[in-house]
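Going by this note's numbering, the residue at position 47 of the sequence shown is 46; the numbering climbs one at a time, nothing skipped.
The structure appears right after this line, and notes come after that.
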Amino acid sequence: TNRVAAVGIPTPSIKFNLLLAGYAFSEKYMMGDLGEKMADHMKIQLNVTVFDDVMALALKGNHSLMSFCLKFAELDAEVKKAFQEGRLRPEVTAALEDLFGVPVERQSVKRL
């Protein structure tokens with residue numbers, strides 16, 4: 000299926016595992032332009048199913064992608080639910096605490 004980017008240009012849907020692998024490859028071999036193109040496609044296709052993977056990748060140093068993920072998390076109720084239920088990686092949870100506070104799962108552990 001084709002998706003339309005914010006500028007109105009149709010973009011092909013690319014499997015996320017290929018985007019993640021392409022991004023990792025571009026980072027390893029310092030191919031910044033390729034990495035940015037992969038990150039742009041991740042932004043277009045971002046959804047709650049892959050949010051944890053993309054945010055974890057962004058936390059490794061892609062500030063543009065991280066900002067996009069934070070805005071996505073702020074607007075998506077399913078990401079907040081995953082955060083509250085403790086279904087996200089520890090580093091992703093820590094990054095979202097400024098946005099959502101301490102997850103319910105961790106609050107209940109602290110009270111014991």
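Note that the Cβ used here is the ideal one computed from N, Cα and C, for glycine as well.
In this text, all values refer to a predicted model and were calculated from it rather than measured experimentally.
Residue 57 is positioned such that its CB atom lies no closer than 7 Å to that of residue 91.
C-alpha of residue 29 to C-alpha of residue 22: approximately 10 Å in a straight line. The Cβ-Cβ distance between residue 78 and residue 47 falls below 7 Å.
Of all alpha-carbon atoms in 98, 20, 36, 42, the one lying nearest the alpha-carbon of residue 76 is that of 98.
Ranked by Cα distance from residue 60, the first of 102, 34, 89 is 34. Cβ atoms of residue 36 and residue 64 stay farther apart than 8 Å, at about 12 Å. Judged by their CB atoms, residue 87 and residue 81 are nearer to each other than the 7 Å cut-off.
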